[in-house]
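Per my numbering, numbering through the sequence shown is continuous, rising by one, with the last residue being 218.
Glycine included, each C-beta is placed from N, C-alpha and C at the ideal position.
One structure is given below, encoded as structure tokens.
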Amino acid sequence: KPEHQSSLPIRCSRSMSGPGQKTFKILCRADEGYCVTVRGGDDGDAAVVMAAADPDDEYQHWYKDMRRSTRVKDEEGYPAFALVNKATGLAIKHSLGQSHPVDLVPYEYDPAVMDLSVLWTQSRDVGDGFRCIRMVSNIYLNFDAFEGEPEVRDGTVVGLWEWNEGGNQCWKILPWGTQAEADGDDDQYVHGTHVLQRRRRGVQRRREGRYRVPGSY
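What follows is the structure in structure tokens.
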């Protein structure tokens, strides 16, 4: 086992595992060589942090559960999804607020129960195919690799922060095996229906290096 790989037990979510299920990596613009992973902390609790990209590390593999996407959208109309860790079956949950790390909770999809606290959306393109990942219920709080500017390190904690145009707030969610620079159509696998939704990315509009604030598009 690599030195920094998680020692948490592997407990894959029954509602997400299965043949043909695509897994994703989550990386940020500040350093595309690092991916979001789950790691056990000193207190025994699981934490969401950054780690050097390793396709063989299942803790860096995430399911993007879109089963709520047709019914739940954010205030800008973007569809909601859950991010579920392949190795642990834990879903990323909203934090207590700005400056707090995101949380992790056990995940089992239940169509009769709506838990907004594990649902996220992606913003429009903020440059080079990167997007903000934000709470479905509050698009002004975004994924943030804490103190990840100018450099992301192994163990950098992922939390929520208001948009400040930093590279540590710009993210891509890509199928494993896809280069970070890849562009074009995104295939989104809708679990349970085996439907591939083709979403064509619009033409990237670079505004002299400046990004627009989420919520002001």
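Next item on the list: Report the rounded CA-to-CA distance for Phe131 versus Asp111, giving the unit in angstroms.
Entry: 31 angstroms
Notebook entry, point to check: Quick one: what does DSSP say Glu4 is sitting in, helix, strand or coil?
Noted result: Residue confidence is low: Glu4 scores 49 on pLDDT, short of 50, so the model does not pin down where it sits. Its coordinate-derived value is still stated next. Coil, per DSSP.
Item checked: Contacting residues, own chain, Cβ-Cβ under 7 angstroms from Glu150 (five flanking each side not counted) -> Ala31, Gly167, Gly168 and Asn169
Next item on the list: Counting only the same chain and skipping the five closest in sequence on each side, list residues whose C-beta sits under 6 angstroms from that of Val119.
Entry: Ala83, Ala92 and Lys94
Checklist line | Exposure label - Ser96; buried when at least 16 CB within 10 Å | finding: Result: buried.
Check: In this structure, does DSSP put Glu77 in helix, strand or coil?
Finding: coil
Checklist line | DSSP three-state assignment for Gln61, whether helix, strand or coil | finding: helix
Notebook entry, point to check: Which residue's Cα is closest to the Cα of Met115: Lys74, Val50 and Tyr141?
Noted result: Lys74
Next item on the list: With distances taken Cα to Cα, identify the nearest neighbour of Pro80 among Lys87, Thr89 and Lys65.
Entry: Lys65
Check: Thinking C-alpha only, which one of Cys171, Ile27, Val158 and Val37 is nearest Ser100?
Finding: Val158
Margin query: With distance defined between alpha-carbon atoms, name the residue in Leu142, Lys87 and Phe25 nearest to Arg40.
Written below: Lys87
Check: With a Cβ-Cβ cutoff of 8 angstroms, do Pro102 and Val49 count as a contact?
Finding: yes
Next item on the list: Output the residue ranges of the beta strand (DSSP E) runs that lie fully inside the region 130-185 and measure 3 residues or longer, sorted by chain position.
Entry: Entirely contained in the region 130-185, the beta strand (DSSP E) runs reaching 3 residues are, in chain order, 134-136, 139-146, 159-163 and 172-176.
Next item on the list: Spatial neighbours of Tyr153 within its chain, please: CB distance less than 6 angstroms, with the 5 preceding and 5 following residues excluded, ordered by chain position.
Entry: According to the sequence as given, residue 153 is Val; it is not Tyr. Here the set comprises Ala31, Asp32, Tyr35, Met51 and Ala146.
Item checked: Helix, strand or coil at Leu84 according to DSSP, with G and I counted as helix -> strand
Checklist line | Coil, strand or helix - Thr127 by DSSP | finding: It is worth fixing the name first, because residue 127 is Val in this sequence and not Thr. The answer is coil: DSSP assigns Val127 none of H, G, I, E or B.
Notebook entry, point to check: Of the choices His62, Met136 and Ala47, whose alpha-carbon is the least far from that of Trp177?
Noted result: His62
Check: Anyone know if the C-beta pair for Ala54 and Lys23 falls short of 8 angstroms?
Finding: no
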